[in-house]
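Here is the structure we will look at.
Numbering (the UniProt record's numbering), first residue to last: 1 to 236.
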């Protein structure tokens, strides 16, 4: 591991070193730095819960999930799924090629695939929960425990922010504008695209009645006291 990070508490194994090189080679520098900081902040948030590395969770797996969690935002990872699933598949393939056992690969896959779904991730094992928590903390620490004095400066000196949140937004939206199916309506990625394009999303009823459909709204009347979902449909 490069001396740039020697003062930071990264796990130092052959596999973590290989994962760093892999992520750094395929990702924008801002996204790579965000991924590295995700581990540091996830570990910090774990400490706030009394969780100890390599005692209460596998520190190497937490690092691997963190450093690879945005692999789907790389050119190599830009497939035909949402970027979190694309990244999970790319991470799993890389780690399998590195000889990591299937049970450990599965934990990293879950950490990457669930990192956008914090309410689910926090109910999983710490290696999964802390990736989601650390990624969120690096985007905005508001409402979370403050870092020790001077720690953020130390982290940012080694891993500059490089306009992280702006780069993430542009990368997510850029992928989705090129491949709209990666950002369907009512998803987080879909919402970012809607903000950029000002597109109008279909209503629930429009989605459910687009052909082919089961015609559930034909002749429907809401229960007493419930507002109608439609004021324009013709009666059947």
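Every residue gets a Cβ at the ideal spot worked out from N, C-alpha and C, and that includes glycine. From a predicted model like this one, the values you see are computed outputs, not experimental measurements.
Buried versus exposed call for residue i [16 or more other C-beta atoms within 10 Å across all chains shown]
i           : result
residue 49  : exposed
residue 36  : buried
residue 215 : exposed
residue 82  : buried
residue 236 : Reliability fails at residue 236, whose pLDDT of 38 lies under 50, so the model's placement of it is uncertain and no value is given.
residue 7   : exposed
residue 74  : buried
residue 182 : buried
residue 47  : exposed
residue 186 : exposed
residue 80  : exposed
residue 119 : exposed
Which of helix, strand or coil DSSP assigns to residue i
i           : result
residue 16  : helix
residue 164 : helix
residue 29  : helix
residue 241 : Only positions 1 to 236 of the chain appear in the structure, and residue 241 is not among them; the question remains open.
residue 217 : coil
residue 141 : coil
residue 149 : coil
Beta-bridge pairing of residue i - partner residues as DSSP gives them
i          : result
residue 57 : 53
Inter-residue Cα distance where the pair is residue i and residue j
i           : j           : result
residue 170 : residue 34  : 15 Å
residue 132 : residue 223 : 40 Å
residue 53  : residue 202 : 46 Å
residue 61  : residue 163 : 27 Å
residue 144 : residue 137 : 8 Å
residue 13  : residue 107 : 18 Å
residue 172 : residue 56  : 33 Å
residue 191 : residue 165 : 15 Å
residue 105 : residue 200 : 39 Å
residue 160 : residue 154 : 10 Å
residue 67  : residue 206 : 40 Å
residue 130 : residue 178 : 31 Å
residue 89  : residue 113 : 9 Å
residue 94  : residue 219 : 53 Å
residue 100 : residue 92  : 9 Å
residue 51  : residue 195 : 38 Å
residue 11  : residue 198 : 44 Å
residue 4   : residue 86  : 30 Å
residue 76  : residue 124 : 28 Å
residue 64  : residue 209 : 44 Å
Endpoints, alpha helix (DSSP H) assigned at residue i
i           : result
residue 195 : 188–197
residue 83  : 83–97
residue 159 : No alpha helix (DSSP H) holds residue 159; DSSP gives it neither H nor E.
residue 204 : 204–209
residue 119 : 118–121
Chain B contact for residue i (CB, 8 Å cutoff)
i           : result
residue 203 : The structure shown contains no chain B, having only a single protein chain.
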